[in-house]
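Notes to accompany the following structure.
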Amino acid sequence: MFPYLVIIVGLENMLIIIKSVGSTAPNLDVKIRLAQGLSKEGWAITQNLLIEVTILTGGLLTFVSSIQVI
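So the sequence shown is numbered by this note's numbering: it starts at 2 and just counts up by one.
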């Protein structure tokens with residue numbers, strides 16, 4: 002289950018970054034476009050990651066045997 006979760010979260014973040022970089026001015030240098038895209042979406046991606054880690058940690062600390070069995 003966890004490998005699929007990692008793939009989905011990673012794919013979601015890549016799509017957000019691609020959309021953000023794609024919305025910058027195309028005449029700029031690639032490094033500048035990437036920096037602007039990350040500056041727009043960096044905090045949102047970090048927030049989502051922290052929320053997902055918190056949810057997974059809550060599931061780990063839950064004492065329901067069907068959740069803890071891997």
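C-beta: ideal position from N, C-alpha, C; glycine also.
Checklist entry - Of the residues Lys41, Tyr5, Thr25, which one's Cα is nearest the Cα of Arg34? => result Among Lys41, Tyr5, Thr25, the Cα nearest to that of Arg34 is on Thr25.
Checklist entry - Would the region 38-49 and the region 59-66 be scored as touching if the rule is three or more Cβ pairs under 8 Å? => result no
Checklist entry - Within this structure, are the beta carbons of Leu50 and Val10 separated by less than 9 Å? => result yes
Item to check | Rounded separation between Ile1 and Ser66 - CA only | outcome: Look at the range of the chain in this structure, 2 to 71, and you will see that residue 1 is not part of it.
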